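Numbering (full-length UniProt numbering), first residue to last: 1 to 443. All residues carry an ideal CB built from backbone N, CA and C; glycine is no exception. None of these values were measured; they are calculated from a predicted model.
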Ligand SMILES: NC(=O)c1ccc[n+]([C@@H]2O[C@H](COP(=O)([O-])OP(=O)(O)OC[C@H]3O[C@@H](n4cnc5c(N)ncnc54)[C@H](O)[C@@H]3O)[C@@H](O)[C@H]2O)c1
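As structure tokens, this is what we get:
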């Protein structure tokens, strides 16, 4: 039980912003760029207010006027994540006496750029309710474009974009892309496809259908509307690579019948289709080969190494490394990927482009880094547990590649793109996000 405090008691809400330094030690205040006649720069604190927030932590008493120490602690969490953008946030109010929840709607949407009609694009984002898609949608919305999200919510969720529902520039459509879809648009970001092994292996045949028939449908739409078409391909097209790091010229080393084939071969054929439509029908195409990406809104239980490690460490459970921990991976933070996708879409580069971070970690080293980051955030918030989590080793699953690192020379030469976020900085944000999710009971 907490004792009610005097309402006149001064508040101790610390709203000091969360700072991030880039690879050169400069503070990151904006993401995006202004080049190719296209300005995609947006302030990082506005973006953060959209993803670093808890949905359900507000209890009925906090929603009216915070009075107890517990209430203040909850408000503190909100203040830290909203950074003065509360007015643009909906709240979900928990009523403990009836164990019920009431949802509020937004009183005001975050300000979006006012673009001249000639600059405002009608953008279709397939898979826009997923991890990568929702961050792309936030960016495109803030930049003032008209965005339609097409998603069947297999791995995505309405909650990732719900803060835009009702906005005049935004439309959310539940649709499975294996069925044709008609819309007028200028650009298509084709992202729809489950991306984590447990999800894409859940129904392997459906994964191939999504990659093949879904891509066929979206390319058909691009052909009819003359929209520019960008597909999110993957480093998995290189399979278990025999060259290191991987350049776009490398044709890959993929097992066509293994458990990962539905995804790897699905993406390879999706690329083949894309260039088929370019050669035969003159469709204006872009191909992004995305390497391991992590960040807030990643499904915590999707079996990918970053979310696995963070959730295990936050829960105080031992962290599982598969294999001997010597296999290497590179990890890119979500904002770098979105910068790369927008740069590619608005550039003249039509060849495949690797987008990834080339800082290589062995999985063993990476587990240590995650443990350290979780401990740092827990120490800051006074929640460091007495027992240190251990790192344990288990046998390696089939077809897990030993080495993976992008050669991003082409991305730099064509797009002047290179990753800005250090893995440590990105991890810190993601740990805070998962911690907030835990506080609201949804993790
Ligand atoms: N996250 C990464 O590290 C990574 C790496 C390489 C490539 N990619 C690619 O980026 C894209 C997005 O990945 P993500 O990490 O956001 O995955 P995600 O699973 O979070 O998002 C995929 C989205 O597509 C939707 N979807 C799936 N099948 C669909 C269908 N048939 N019809 C309509 N919607 C459908 C899902 O509901 C989800 O919202 C994928 O194409 C993926 O292959 C991601």
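When we look at the beta-carbon of residue 410 and count the other beta-carbons within 10 Å, is it buried (16 or more) or exposed? Translated into the one-based positions of the chain shown, residue 410 becomes position 410. With 16 or more other Cβ atoms within 10 Å, it is buried.
Distance, residue 312 Cα to residue 381 Cα: Locating residue 381 in the chain shown gives position 381, where the first residue counts as 1. Locating residue 312 in the chain shown gives position 312, where the first residue counts as 1. When rounded, the distance between both Cα atoms is 18 Å.
Less than 7 Å between the CB of residue 305 and some heavy atom of ligand 1, yes or no? The residue labelled residue 305 in the question sits at position 305 within the chain shown. For ligand 1, not one heavy atom lies less than 7 Å from the Cβ of residue 305.
Just confirm the distance between the C-beta atoms of residue 277 and residue 328, as a whole number of angstroms; I'd bet it's less than 8 Å. As a first step, residue 277 is located in the chain shown; it is residue number 277 there, counting from the start. As a first step, residue 328 is located in the chain shown; it is residue number 328 there, counting from the start. No, residue 277 and residue 328 are not in contact; Cβ-Cβ is about 35 Å, not under 8 Å.
Counterpart residues of residue 455 in DSSP-defined beta bridges: As displayed, the chain neither begins before 1 nor continues past 443, which places residue 455 out of reach and without an answer.
Where does residue 239 fall in DSSP's three states? Taking the chain shown and counting its residues from 1, one reaches residue 239 at position 239. Residue state, collapsed to three classes: strand.
Hey, is residue 313 close to ligand 1, as in C-beta under 7 Å from one of its heavy atoms? For this step, residue 313 is matched to residue 313 along the chain shown. Because no heavy atom of ligand 1 lies under 7 Å away, the Cβ of residue 313 does not count as near it: no.
Considering Cα atoms alone, identify which of 263, 247, 373 and 254 is closest to residue 353. As a position in the chain shown, residue 353 is number 353, starting the count at 1. The residue with the shortest Cα to Cα distance from residue 353 is 247.
Please report the Cβ distance between residue 196 and residue 288, rounded to the nearest whole angstrom; I am assuming they are in contact, meaning their Cβ atoms lie under 8 Å. Along the chain shown, one-based indexing puts residue 196 at 196. Along the chain shown, one-based indexing puts residue 288 at 288. No, residue 196 and residue 288 are not in contact; Cβ-Cβ is about 18 Å, not under 8 Å.
Between which two residues does the beta strand (DSSP E) carrying residue 361 extend? Here the question's residue 361 lines up with position 361 in the chain shown. Element bounds for residue 361: 360-362.
May I ask you to report which of helix, strand or coil DSSP gives residue 154? Here residue 154 is taken as the residue at index 154 of the chain shown, counted from 1. Of the three classes helix, strand and coil, the one that applies to residue 154 here is coil, per DSSP.
Reduced DSSP category for residue 397 - H, G, I as helix; E, B as strand; rest coil: The residue given as residue 397 occupies position 397 in the chain shown. Of the three classes helix, strand and coil, the one that applies to residue 397 here is coil, per DSSP.
Pick helix, strand or coil for residue 36, following the three-state DSSP scheme. Here residue 36 refers to the residue found at position 36 when the chain shown is read from its first residue. Note: residue 36 maps to coil in three-state DSSP.
Is residue 34 close to ligand 1? I mean its beta-carbon at under 7 Å from any heavy atom of the ligand. Working through the chain shown from its first residue, we reach residue 34 at position 34. Every heavy atom of ligand 1 is 7 Å or more from the Cβ of residue 34, so no.
Inter-residue spacing [alpha-carbon to alpha-carbon] between residue 138 and residue 413: As a first step, residue 138 must be located in the chain shown, where it is residue number 138. As a first step, residue 413 must be located in the chain shown, where it is residue number 413. Taking the straight line from one Cα to the other gives about 27 Å.
If we count Cβ pairs, one from each stretch, closer than 8 Å, do we get three or more for the region 242-256 versus the region 367-384? no
Residue nearest to residue 109 in terms of C-alpha spacing, selected from 292, 166 and 147: Taking the first residue of the chain shown as position 1, residue 109 is located at position 109. The shortest Cα separation from residue 109 among 292, 166 and 147 belongs to 166.
For residue 180, is the classification buried or exposed, using 16 other Cβ atoms within 10 angstroms of its Cβ as the cut-off for buried? The residue given as residue 180 occupies position 180 in the chain shown. It counts as exposed.
How long is the line joining the alpha carbons of residue 256 and residue 376, rounded to whole angstroms? Within the chain shown, the letter at position 256 stands for residue 256. Within the chain shown, the letter at position 376 stands for residue 376. Those two C-alpha atoms are separated by around 43 Å.
What is the rounded straight-line gap between the Cα of residue 379 and the Cα of residue 131? Residue mapping note: residue 379 aligns to position 379 of the chain shown, counting from 1. Residue mapping note: residue 131 aligns to position 131 of the chain shown, counting from 1. Rounded to whole angstroms, residue 379 to residue 131 spans 28 Å at the Cα level.
Is residue 235 near ligand 1, with its Cβ less than 7 Å from a heavy atom? Here residue 235 corresponds to residue number 235 of the chain shown, with the count starting at 1. Yes, Cβ of residue 235 sits closer than 7 Å to a heavy atom of ligand 1.
Verify the contact flag: residue 153, CB atom, against every heavy atom of ligand 1, threshold strictly below 7 Å. Walking along the chain shown from the start, residue 153 turns up at place 153. Checking every heavy atom of ligand 1 against the Cβ of residue 153, one is found closer than 7 Å.
Using the Cα positions of residue 330 and residue 226, report the straight-line distance between them to the nearest angstrom. The residue labelled residue 330 in the question sits at position 330 within the chain shown. The residue labelled residue 226 in the question sits at position 226 within the chain shown. One C-alpha to the other measures close to 36 Å.
Can you tell me the Cβ-Cβ gap for residue 191 and residue 273, rounded? I've got them flagged as a contact below 8 Å. Position 191 of the chain shown, counted from the start, is the residue given in the question as residue 191. Position 273 of the chain shown, counted from the start, is the residue given in the question as residue 273. Incorrect: roughly 16 Å between the Cβ atoms, too far for contact.
Candidates 406, 304 and 335: closest to residue 397 by CA position: Within the chain shown, the letter at position 397 stands for residue 397. The option with the nearest alpha carbon to residue 397 is 304.
With H, G and I counted as helix, E and B as strand and the rest as coil, what does DSSP make of residue 20? Against the chain shown, residue 20 aligns to sequence position 20. Residue 20: coil per DSSP, three-state reduction.
Reference residue 262, options 202, 230, 104 and 118, closest by Cα: Taking the first residue of the chain shown as position 1, residue 262 is located at position 262. Of 202, 230, 104 and 118, the residue nearest in Cα terms is 202.
Should residue 189 go down as buried or exposed, given a rule of 16 or more other Cβ atoms within 10 Å for buried? Indexing the chain shown from 1 puts residue 189 at position 189. The residue in question, residue 189, is buried, as its Cβ has 16 or more Cβ neighbours within 10 Å.
So if DSSP puts residue 406 in a beta bridge, which residue, or which two residues, is it bridged to? Counted from its first residue, the chain shown places residue 406 at position 406. Paired residues: 246.
Who are residue 253's beta bridge partners in DSSP? Stepping through the chain shown from its first residue, residue 253 is reached at position 253. BP columns for residue 253 point to 239.
Span of the beta strand (DSSP E), counted from its first residue to its last, around residue 355: Numbered from 1 along the chain shown, position 355 holds the residue referred to as residue 355. Residue 355 -> beta strand (DSSP E) spans 352-355.
How long is the line joining the alpha carbons of residue 119 and residue 364, rounded to whole angstroms? Within the chain shown, numbered from 1, the residue matching residue 119 stands at position 119. Within the chain shown, numbered from 1, the residue matching residue 364 stands at position 364. The alpha-carbon atoms of residue 119 and residue 364 are separated by roughly 47 Å.
Below 6 Å CB to CB, which residues in the same chain sit around residue 133 once its five sequence neighbours on both sides are set aside? Along the chain shown, one-based indexing puts residue 133 at 133. Excluding residues within five positions, the ones whose Cβ falls inside 6 Å are 125, 127 and 191.
Output needed for residue 122: all residues of its chain with C-beta closer than 6 Å, excluding positions within five of it in sequence on either side, in chain order. Here the question's residue 122 lines up with position 122 in the chain shown. The answer, listed in chain order, is 146, 185 and 186.
Given 7 Å as the limit, tell me if residue 185 has its C-beta closer than that to any heavy atom belonging to ligand 1. Residue 185 sits at position 185 when you count from the first residue of the chain shown. Checking the Cβ of residue 185 against ligand 1 gives no.
Under the criterion of a Cβ to heavy atom distance below 7 Å, does residue 357 qualify as lining ligand 1? Taking the first residue of the chain shown as 1, we reach residue 357 at position 357. It does not: the Cβ of residue 357 is nowhere closer than 7 Å to a heavy atom of ligand 1.
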